[in-house]
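Enquirer: Got a structure here, written out as structure tokens. Questions coming.
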């Protein structure tokens, strides 16, 4: 076995959490043990997973280990065996792990640099006729809407934005709004699974079913969904689903994905063309082609997938929602607090956007840090975005609520 292959084998097989030492999952000591797997000091609390997740220690170590190996043993690579760089050859073990979490075939899944690049591959690869209409909500992330604005301008199409309620509380109302926005000219629907600025979980399965009946190509932005809530692309029925690993999956930045339904992939051109540009037997590999990339980041991604699977996707999702529900329940008891996330428990999980009367969003974020070393994100002029994850605890939620109570009292 070559040194390179030996390294890959050890990287894929290494255990992350000492199984014999783990208490029962419902025991607070279990989550304390999980918290020990992160490099963050315990006297600081990170509540901004919606921007980027905190890497577990093993993810950091596997990434750095490969970087060090590249730096010290680069002369040993003779182009035989597995590649030392990414972007050209396949990484089927990693694609398979990610595909299983999404419930799709590996050949339907491409690994990309991020959500924006994955979304751009679809927007630039679709053959849209002149005058085609693209519809999206008025609450999309700029990195999500921009590829479609670019595609429409380039091809003489139009982008129509429909207005979603702020906050959104009723899935049936959202479905009706989206359906009313569909016209005979609509060719593409681009929509977030979870709204980044509010945390609202949209009824994507019903929306995609309505779009499919009308022949509309559906592209779902899962940047705030994958690793946060359950994502089953086959059940959702979308044509394409774009997402990332660096937020809720806790992988290094620079890793994203594109799922393309096999029946639709043949009609989408390769936007970045390399030696697999015409491989229609494996469209996931075709869309993964992006030139020289970092295999070190791939090793970090692989470790993040294993870490997630070892804890268990459902357990991760339940913990995220448990902490989010605790935060929202506490906020509802505090006067002068306005919550901009949904009231319906089925429409929210780990993202809560809220503000305090008389306190700006940036000031609220600053007070969180100055008073208790808590780091949410100052979302806008009147609110902060507060994300919960497995490295957070009920005690940290209660500490945040204490800061909010003090500010509300003035």
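In my numbering, the protein residues as written are 189 to 598. Note that CB positions come from ideal geometry on N, CA and C, so glycine has one too.
1. Within the present structure, is the beta-carbon of residue 257 separated from the nearest heavy atom of the ligand HEM by less than 6 Å?
2. With distance defined between alpha-carbon atoms, name the residue in 378, 343, 288, 392 nearest to residue 362.
3. Ignoring anything shorter than 3 residues, give me the beta strand (DSSP E) runs that lie fully in the segment 277 to 339, in order along the chain.
4. Cα separation between residue 291 and residue 421?
5. When the Cα of residue 378 is compared with those of 426, 548, 537, which residue comes out closest?
6. Figure out for me which residue from 353, 374, 373, 372 has the closest Cα to the Cα of residue 364.
7. Going by DSSP, what residue range makes up the beta strand (DSSP E) through residue 370?
8. Considering only residues of the same chain and omitting the five flanking positions on each side of residue 283, which have a CB-CB separation below 6 Å?
9. Mapping the DSSP letters down to three states, classify residue 565 as helix, strand or coil.
10. Could you pull the DSSP bridge partners for residue 248 from this structure?
11. Would residue 522 and residue 592 qualify as a contact pair, given that the criterion is a beta-carbon distance under 7 Å?
12. Measuring only the C-alpha atoms, how far is residue 384 from residue 255?
13. Does DSSP classify residue 500 as helix, strand or coil?
14. Runs of 4 residues minimum, wholly inside the segment 457 to 496: which ones carry the alpha helix (DSSP H) assignment?
15. Please state the DSSP three-state secondary structure of residue 576.
16. Could you pull the DSSP bridge partners for residue 258 from this structure?
17. When we look at the beta-carbon of residue 224 and count the other beta-carbons within 10 Å, is it buried (16 or more) or exposed?
18. CB-CB under 7 Å to residue 456, same chain, minus the five flanking residues each way: which ones, in chain order?
19. Can you tell me the Cα-Cα spacing of residue 540 and residue 276, whole angstroms?
20. So, for residue 302: in the same chain, excluding its five sequence neighbours on each side, which residues have a beta-carbon less than 6 Å away from its beta-carbon?
21. Which same chain residues, not among the five before or five after residue 543, have their C-beta less than 8 Å away from its C-beta?
22. Name the two residues that bound the continuous beta strand (DSSP E) containing residue 596.
23. Kindly identify the DSSP beta-bridge partner or partners of residue 432.
Expert: Judging by the given coordinates:
1. The ligand HEM is absent from the structure shown, which contains no ligands of any kind.
2. Looking at the Cα atoms, 392 is the closest of the given residues.
3. Within the segment 277 to 339, the complete beta strand (DSSP E) runs of at least 3 residues are 297 to 300, 321 to 325.
4. Those two C-alpha atoms are separated by around 6 Å.
5. Nearest of 426, 548, 537 to residue 378, Cα basis: 426.
6. The shortest C-alpha separation from residue 364 is found at 353.
7. Careful: residue 370 lies outside any beta strand (DSSP E) and carries neither H nor E.
8. If you ignore the 5 residues before and after residue 283, its C-beta comes within less than 6 Å of the C-beta of 294, 297, all in its own chain and listed in chain order.
9. Per DSSP, reduced to three states, the secondary structure at residue 565 is strand.
10. Under DSSP, residue 248 shares a beta bridge with no residue.
11. Going by C-beta atoms, residue 522 is nearer than 7 Å to residue 592.
12. Approximately 32 Å, taken between the alpha carbons.
13. Here residue 500 sits in coil by DSSP.
14. The DSSP assignment places complete alpha helix (DSSP H) segments of no fewer than 4 residues inside the segment 457 to 496 at 471 to 476, in order along the chain.
15. In the structure shown, residue 576 sits in coil (DSSP, three-state: anything other than H, G, I, E or B).
16. According to DSSP, which records beta bridges pairwise, residue 258 is partnered with nothing at all.
17. The residue is exposed, with fewer than 16 neighbouring Cβ atoms inside 10 Å.
18. Hits under 7 Å: 310, 313, 314, 448.
19. Approximately 40 Å, taken between the alpha carbons.
20. Cβ within range, chain order: 432, 444.
21. Counting only Cβ-Cβ distances below 8 Å, and skipping sequence neighbours, we find 525, 526, 528, 549, 552, 570, 571, 572.
22. Counting along the chain, residue 596 falls outside any beta strand (DSSP E), though it belongs to the alpha helix (DSSP H) covering 582 to 597.
23. In DSSP, residue 432 forms a bridge with 444.
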